[in-house]
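**Q** Residue numbers (the working numbering): 10 to 294.
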């Protein structure tokens, strides 16, 4: 079965896991009708990042579900569809009905189920887990995450002695990932990774923190794709020095995740700024 129903509190996620032919038994429409009879469904999000092909018949089934939802002022959105699937949808003239969003958060905001600048757990958790995994496997250092928080203008621009920064871009947002380390933590993980003693930050070893940011984003990207976030990566950079300052790209919401280690606390920051519909239209014209 190329689809999986995942009920949430206020909406339903239908995860499309393979090619969707429209010949499934039971059909998508039949499964929806059964679920809807058990508990009325108002909003549906199709996680379609893993759907490599969508037949005309399957598109029509989704369109029928769309019409059913509209009778109760509900709606549906696709999330993370591939360019191939979007082209098939447009060829059938269904792109105004089967609207695609690049993130789950974007779809929830449109439905009025989330606010723009709330912390999106589905977006932040992959970065949290990726940081822990990279530090454990590559840096041989255990980490414990603390509660994420939205950064205020009154907070320090960055928290450490050296920071690795990498830009993030997608069709729906631009942003930045930064990891900021104290010199003590940097020297510890640098020594662990390189197998030699590092006692200070210098021009010969600073690239290490940029590579660290690159590994964390690469690992997070794999999980983000599964929940509908598609993004591109850029070349990382680094900045260092006591009380160094750097501003993230853009002016969007910045989420800070503190991590505790045996060598002290470090921070990962993720800033994202939505791209307006006007900007997207200009880019595609």
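All C-beta atoms in this analysis are idealised placements derived from N, C-alpha and C, irrespective of residue type, glycine included.
Just so it is clear, the structure is predicted and the values come from calculations on it, not from any experiment.
#1: Return the Cβ separation of residue 277 and residue 136 in integer angstroms, given the expectation that the two are a contact with Cβ distance under 8 Å.
#2: According to DSSP, which residues form a beta bridge with residue 110?
#3: Looking at the structure shown, is residue 217 part of a helix, part of a strand, or coil, going by DSSP?
#4: Please state whether the Cβ-Cβ distance between residue 226 and residue 214 is less than 9 Å.
#5: Might you give, ordered along the chain, the residues of its own chain that have their beta carbon closer than 7 Å to the beta carbon of residue 158, omitting 5 neighbours on each side?
#6: What number of angstroms, rounded off, separates the C-alpha of residue 65 from the C-alpha of residue 103?
#7: Tell whether a beta-carbon distance below 9 Å holds between residue 25 and residue 12.
#8: Quick one, which of 101, 250, 44 has its alpha-carbon nearest residue 72's?
#9: Less than 9 Å between the C-beta atoms of residue 191 and residue 216, yes or no?
#10: Residue 115 by DSSP, collapsed to three states: which one?
#11: Would you mind giving the Cβ-Cβ distance between residue 150 and residue 38, rounded to the nearest angstrom? I have them listed as a contact below 8 Å.
#12: Run the CB neighbour count on residue 218, radius 10 Å, all protein chains shown included, and call it buried at 16 or more, exposed below.
#13: Apart from the five residues just before and just after residue 168, which ones in its own chain have a Cβ nearer than 7 Å to its Cβ?
#14: Given this structure, state the Cα-to-Cα distance separating residue 210 from residue 230, to the nearest angstrom.
#15: Beta-carbon within less than 8 Å of residue 78's beta-carbon, same chain only, minus the 5 sequence neighbours each way: which residues are those?
#16: Is it the case that the Cβ atoms of residue 175 and residue 96 are separated by a distance below 9 Å?
#17: First and last residue of the alpha helix (DSSP H) that includes residue 11?
#18: Which of helix, strand or coil does DSSP assign to residue 184?
#19: Could you name each continuous alpha helix (DSSP H) segment of 4 residues or more that falls completely within the stretch 50-90, going from the start of the chain to the end?
#20: When burial is assigned at 16 or more other CB atoms within 10 Å of the CB, is residue 56 buried or exposed?
#21: For residue 156, tell me which candidate among 268, 196, 148 has the shortest Cα-Cα distance.
#22: To the nearest angstrom, how far is it from the Cα of residue 138 to the Cα of residue 224?
#23: Where does the unbroken beta strand (DSSP E) through residue 24 begin, and where does it stop?
**A** The relevant details are as follows:
#1: Locating residue 277 in the chain shown gives position 268, counting from the first residue. Locating residue 136 in the chain shown gives position 127, counting from the first residue. About 6 Å separates the two Cβ atoms, so the contact holds.
#2: Numbered from 1 along the chain shown, position 101 holds the residue referred to as residue 110. For residue 110, which the question treats as bridged, DSSP gives the partners 88.
#3: Taking the chain shown and counting its residues from 1, one reaches residue 217 at position 208. Reduced to three states, the DSSP call for residue 217 is helix.
#4: As a first step, residue 226 must be located in the chain shown, where it is residue number 217. As a first step, residue 214 must be located in the chain shown, where it is residue number 205. For residue 226 and residue 214, no; Cβs fall outside 9 Å.
#5: Reading the chain shown from its first residue, position 149 is the one you call residue 158. Cβ within range, chain order: 265.
#6: The count along the chain shown starts at 1 and reaches residue 65 at position 56. The count along the chain shown starts at 1 and reaches residue 103 at position 94. Cα to Cα, the separation comes out at about 10 Å.
#7: Your numbering for residue 25 matches position 16 in the chain shown. Your numbering for residue 12 matches position 3 in the chain shown. Yes, Cβ-Cβ distance for residue 25 and residue 12 is below 9 Å.
#8: Start at 1 with the first residue of the chain shown, and residue 72 comes out as number 63. The residue with the shortest Cα to Cα distance from residue 72 is 101.
#9: For the purposes of this step, residue 191 is taken as the residue at position 182 of the chain shown. For the purposes of this step, residue 216 is taken as the residue at position 207 of the chain shown. No; because the gap between Cβ atoms is not below 9 Å, this pair is not in contact.
#10: Counted from its first residue, the chain shown places residue 115 at position 106. In this structure, residue 115 counts as helix in the three-state DSSP scheme.
#11: Your numbering for residue 150 matches position 141 in the chain shown. Your numbering for residue 38 matches position 29 in the chain shown. Not quite, the Cβ-Cβ distance comes to about 51 Å (not below 8 Å), so this is no contact.
#12: As a first step, residue 218 is located in the chain shown; it is residue number 209 there, counting from the start. So residue 218 counts as buried.
#13: The sequence position of residue 168 within the chain shown is 159, counting from 1. Counting only Cβ-Cβ distances below 7 Å, and skipping sequence neighbours, we find 189, 276.
#14: Numbered from 1 along the chain shown, position 201 holds the residue referred to as residue 210. Numbered from 1 along the chain shown, position 221 holds the residue referred to as residue 230. Roughly 29 Å separates the two Cα atoms.
#15: Stepping through the chain shown from its first residue, residue 78 is reached at position 69. So the qualifying residues of the chain are 50, 51, 52, 53, 84, 85.
#16: As a first step, residue 175 must be located in the chain shown, where it is residue number 166. As a first step, residue 96 must be located in the chain shown, where it is residue number 87. For residue 175 and residue 96, no; Cβs fall outside 9 Å.
#17: Counting from 1 along the chain shown, the entry for residue 11 is found at position 2. Counting along the chain, residue 11 falls outside any alpha helix (DSSP H), and DSSP gives it neither H nor E.
#18: Looking up residue 184 in the chain shown gives position 175. The answer is strand: DSSP assigns residue 184 an E or B state.
#19: 65-79
#20: The count along the chain shown starts at 1 and reaches residue 56 at position 47. It is buried - the Cβ of residue 56 has at least 16 other Cβ atoms within 10 Å.
#21: On the chain shown, residue 156 is found 147 positions in, with the first residue counted as 1. The shortest C-alpha separation from residue 156 is found at 268.
#22: For the purposes of this step, residue 138 is taken as residue 129 along the chain shown, with counting starting at 1. For the purposes of this step, residue 224 is taken as residue 215 along the chain shown, with counting starting at 1. So the two alpha carbons sit approximately 12 Å from each other.
#23: Residue mapping note: residue 24 aligns to position 15 of the chain shown, counting from 1. Segment 21-25, the beta strand (DSSP E) holding residue 24.
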